[in-house]
Structures are given as structure tokens and as C-alpha cells.
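Novice: Let me begin by handing over the structure; questions about it come next.
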Amino acid sequence: MPKSQTIRAQHQETRYLVLDDRVIDEVVAAKLTLGEITKHPLNPLFGEDRRWEPRFDNVYANVIYDSEDKLYKCWYNPFIIDERVTHTPPEKRHPDFGNYMDVTPNRREMGLCYAVSKDGIYWEKPELGLIEFDGSKQNNIVMRRVNGAGVFKDARETDPTQRYKMFFCGEPQMTVAFSPDGLHWDEPIPIPEVEAHGTHPNAFWAGALGKYIGFTRQHAGSVRLVTRTESPDFVEWTPDETVLVGSSPLLQAHDMIVFPTCGIYIGLLGIMVYPEDSNIDVKQHVELAWSVDTVQWHRIAEETPFIGHTSAETERYGTLPYDWGTIFPSAPIFFHDEIRIYYGAGDGYFFNWRDGYLALATLRPHGWAGYEPVAADTPAVITTQPLTFDEPSVGITADISDGGSVRVAILDKSGSERAISRPIRTTVTDAQVEWETGNGLANLSGDPIRLRFQFYNAKLYAFQL
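The following block contains the structure:
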């Protein structure tokens with residue numbers, strides 16, 4: 117973008133994440149770093165405790181908070197049949213007795229299961245009476261032969277029979293389905309245009325683009341690729357095209373959960389990490405990416421986990437933490453005081469024996485990534501590109517350590533300082549700054565201005581006009 121071009125017209129919201137490099141013109145003595153994830157102390161929240169849950173594998177959880185029903189809802193995707201597990205005694209489900217992938221018989225079938233929670237921490241798996249398994253319908257299964265599914269409640273849908281939507285890997289191809297309640301699903305509709313078939317497909321309505329966008333995965337030989345497709349109506353889809361590839365065959369892009377926020381799109385990118393000497397001892401963590409249009413993607417802190425593994429003092433199989441080996445996120449749930457990211461977790465290597473769980477991580481509002489000084493007690497300065505200034509009000513979101521502060525200045529189109537704020541000395545979210553000095557700010561309405569942030573011992577995530 118030309119430096120002189122005003123940005124505001126490209127945004128649907130007045131809040132800007134500073135990770136969006138279109139917004140930032142100049143950075144002095146500052147660096148962009150990932151936000152800090154906090155794992156819930158009661159993790160894991162639930163595990164493989166039903167006989168139709170022999171192996172969660174990647175879980176592929178889809179968790180929403182339904183404000184109409186005042187209920188957390190989770191659709192997750194375990195193997196409901198896994199002969200490798202059920203034909204192996206518990207004491208031999210261990211690499212010392214053989215790798216999981218080598219065990220026979222090896223017939224497997226995935227299903228879609230359902231759980232609910234009033235607080236998002238304590239979960240129930242209701243007996244739905246919908247799908248027969250092993251001669252009984254007393255289970256929480258809502259569909260069989262679902263090899264990876266993305267489920268969401270479509271807030272813009274006017275047809276009550278299509279309020280819930282599923283974008284999933286059916287047999288033998290990508291498929292969609294509709295439901296009035298998330299439990300009773302219509303006959304699935306195949307999508308022959310989409311070649312990809314695997315991992316955690318997910319889709320959502322992109323209001324700024326005026327269409328549904330779906331993400332799934334293909335292979336180029338043995339290398340995994342994230343692919344994208346789009347649809348005006350959730351039935352007719354375009355052929356999927358590759359949009360993101362891992363940095364090497366040892367760091368493969370396995371899956372990506374995508375969602376809109378603050379005028380851009382964030383991707384929670386699952387990265388499979390292969391050691392150089394093994395195709396078995398593979399782990400998976402989550403990295404961060406962002407996009408303006410869901411087609412061109414930018415990585416933040418590439419090869420650094422955004423949601424990483426819980427480490428262990430001794431890496432002894434059978435005693436490892438719940439998410440030591442694998443992590444597969446759900447789309448986040450946004451609240452005014454935190455962002456919740458539920459994720460499927462595994463305590464062993466990707467292709468070997470492991471127990472699976474649902475877990476929870478939280479993030480401060482707008483806290484995906486932010487600028488902080490390159491050195492302690494060193495002032496950092498960030499200046500924005502030209503922005504449209506409607507009224508003399510600026511808000512910021514920042515973490516501020518003891519003794520730290522953030523000050524905001526308004527520069528007019530000639531670069532003259534028209535106002536400077538009082539220092540903000542405590543951690544804030546969307547806090548309006550107070551002007552210490554101001555020179556005819558009302559006269560700047562509709563004019564291009566720049567914001568200059570100066571901060572010490574602080575991390576700046578977002579600002580708003």
C-alpha cells in the first residue's frame with residue numbers, strides 16, 4: 117500500500133490489531149511478539165470415557181457458546197471404532213510393545229459426538245437416542261462415518277432448518293449438511309468440486325467478502341497443504357486451491373482454523389513437527405497466521421508455537437501431560453474479558469499410542485500478538501499509516517508492567533503534533549485515552565491523521581478510533 121494512502125476505508129471496524137502490518141508505518145526499538153496463552157488449571161476437561169470412544173485421536177472439537185440456549189456446545193470427532201485399541205490389552209498400548217500404526221486388525225470408523233456444559237468447564241455427554249452403536253442408541257453420537265468435521269451455528273441464517281451447518285469429510289468426498297438444532301442432520305450433500313479430503317475442515321460466513329469460506333487439506337506427495345474454497349450458499353463450492361504450505365517437509369501445515377476479527381482473518385495453524393530421523397515421533401503444535409482476504413496469508417513468529425505443549429521433566433510414556441504430543445484447536449469464543457480457545461489434546465506422538473482429551477486455553481481480549489520494546493526500560497515508538505479521524509477519541513488495548521506506560525500522540529497530515537495523551541500506566545482493554553494537550557482536534561474530523569504510540573515496559577495489541 118502506498119504510504120500516503122488512508123487505510124480506514126479498507127476496514128469494517130474501527131478497531132485495529134497492530135499485527136496488521138498495513139496499519140503500521142514506522143517501528144522504532146519495538147518488536148512484534150505472540151500473545152500469551154493461559155492453559156486452564158482444570159485441564160483436561162474430558163477424555164475417552166465411553167465405550168464408543170476408544171480413541172479420540174485428533175478430537176477436532178467445535179465449541180460454541182449458544183447465547184440463546186445459554187449453553188456451551190461441543191461437537192467432537194473421535195474414532196467410535198478402533199480395532200487397534202480394542203484388540204490390544206491396555207498394558208500393551210505402549211511403544212515398547214509396538215507402534216500404534218502397525219497394529220492389526222486395524223478397522224476404524226470416525227463419528228461425530230456431542231457434549232454440553234453450562235460453564236464451559238464441566239461437561240456432560242447426553243444420551244441422545246439418535247444413532248445406533250453396538251445395538252443401542254444410548255449414546256451421544258449424532259452422525260457416523262464423519263472423517264473430520266467443522267460445525268457452527270450460522271447467526272445470519274433465516275431458514276430455521278439450516279441454522280446449524282457442517283462442512284466435513286464424508287465418504288468418499290467433502291460434504292455439507294444442515295440441521296435445525298445441531299443434532300438432527302439432513303441428508304448430506306456431496307461437494308465434488310473440492311478435491312481435499314482430510315484433517316479438520318472448517319467454514320464460516322465472511323461478511324466482508326459476502327460468501328462462505330471453507331478450509332481443508334490436500335497432499336503434494338507426502339507433504340500436507342492447507343486449501344481454501346468458497347460458496348455463496350453453502351451448497352455450490354469452488355474447487356479448492358492451496359493457500360498455505362509449511363516451511364519445510366519437517367514442518368508441515370496440517371490444518372488451519374480460520375475466523376474473522378477486527379477487520380482481518382486469523383488462522384490457528386496446526387504444524388506437524390517431524391524429527392529428521394523418524395516418521396513416527398511426530399508432534400503437533402499451533403502457530404499464528406493472519407490474512408486480509410483469506411487467500412494471502414502471513415505468518416507471525418514462524419516456527420514458534422502460539423499454543424504449545426506442556427513440557428515434562430522426564431519424557432516417560434504413560435506419565436506425560438495431557439497435551440505433550442498433539443494440539444488441535446477449535447474456533448475461539450469471544451467474551452468481553454477473555455477469548456476462549458478449546459482444543460483437542462494428545463499425550464503422545466501423532467502416529468503412536470496416546471490418550472486424547474478436550475482442553476481449554478484463554479487469551480486476553482485482542483491479545484493475538486503485540487508490539488513491545490526490544491529491551492527493558494527502552495522506549496519504543498510506533499507510528500501508524502494515515503487513518504481517517506472522525507472525532508477526538510482514541511482507545512488502546514495494552515499490557516503494562518510496573519513502572520511502564522503508554523502515550524498516544526495525534527499527528528496531522530503535515531506531521532505536526534496536534535495532541536498528546538496523558539500516560540496510561542495500568543493494563544487496559546479498549547480504554548479511551550485522555551488528552552493532556554490538544555490543538556483543534558475537532559477540526560481534524562474527516563482528515564487523514566497518524567497516531568504515534570510511545571511506550572515503556574508495555575505491550576500494545578490494538579487501538580481504536
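The numbering of the sequence shown is the numbering used here, which starts it at 117 and goes up by one.
Glycine residues also receive a C-beta, built at the ideal position from the N, C-alpha and C atoms.
1. Assess, as a yes-or-no matter, whether the segment 255 to 274 is touched by the segment 166 to 176 under the definition of 3 or more beta carbon pairs within less than 8 Å.
2. Kindly provide the ranges of any alpha helix (DSSP H) runs that are 4 or more residues long and lie completely inside the segment 165 to 208, ordered along the chain.
3. Could you say if the segment 419 to 433 and the segment 190 to 198 meet the contact criterion of at least three C-beta pairs nearer than 8 Å?
4. Between the segment 424 to 444 and the segment 463 to 479, do at least 3 Cβ pairs fall closer than 8 Å?
5. So does the segment 400 to 416 actually touch the segment 380 to 389, counting three or more Cβ pairs closer than 8 Å?
6. In angstroms, rounded to a whole number, what distance separates the CA positions of H401 and G472?
7. Compute the Euclidean distance between the alpha carbons of F375 and N178, then round it to the nearest angstrom.
8. In angstroms, rounded to a whole number, what distance separates the CA positions of I516 and E287?
9. Tell me the residue span of the beta strand (DSSP E) that contains R523.
10. Excluding sequence positions up to five away, which residues of its chain have a Cβ less than 6 Å from the Cβ of P539?
11. DSSP has S363 in a bridge; who is on the other side?
12. Over what stretch of residues does the beta strand (DSSP E) that includes G483 continue unbroken?
13. Could you name the residues of the same chain whose beta carbon sits closer than 6 Å to that of G245, not counting the 5 residues immediately before and after it, in chain order?
14. Taking three-plus beta-carbon pairs below 8 Å as touching, is the segment 299 to 306 in contact with the segment 318 to 326?
15. Please identify the residue among L360, L479, P437 whose C-alpha is closest to the C-alpha of P448.
16. Drop a sphere of 10 angstroms on the beta-carbon of E488, count the other beta-carbons inside from all chains shown, and report buried for 16 or more, exposed for fewer.
17. I'd like to check one pair, V351 with V292: are the Cβ atoms closer than 8 Å?
18. Does the distance from the C-beta atom of T315 to that of R333 stay below 8 Å?
19. Given this structure, state the Cα-to-Cα distance separating R124 from S394, to the nearest angstrom.
20. Rounded to whole angstroms, what's the CA-CA distance from Q126 to Q368? Just pull it up for me.
21. If you reduce the DSSP assignment to three classes, tell me which class P448 lands in.
22. By a C-beta neighbour count over all protein chains shown, 10 Å radius and 16 as the cutoff for buried, is Q570 buried or exposed?
23. Looking only at C-alpha atoms, which of W484, A491, E248 sits nearest to T377?
24. Give the secondary structure of L246 by DSSP, where H, G and I count as helix, E and B as strand, and everything else as coil.
25. Mind the definition here: the segment 152 to 165 touches the segment 227 to 240 only if three or more C-beta pairs lie below 8 Å; say whether that holds.
Specialist: Looking at the atomic coordinates:
1. yes
2. 199 to 202
3. no
4. yes
5. yes
6. 15 Å
7. 13 Å
8. 52 Å
9. 511 to 527
10. S521, R523
11. DSSP, once it has assigned bridges, lists no residue as partnering S363.
12. Unbroken run through G483: none, as it is neither H nor E.
13. K253
14. no
15. L479
16. buried
17. yes
18. yes
19. Any reading at R124 is ruled out, since the residue's pLDDT is 46, under 50, leaving its predicted position unreliable.
20. Confidence is the limiting factor: at Q126 the pLDDT is only 40, short of 50, which leaves the residue's position unreliable, though a coordinate-based value still follows. Answer to the nearest angstrom: the Cα atoms are 32 Å apart.
21. coil
22. buried
23. W484
24. coil
25. yes
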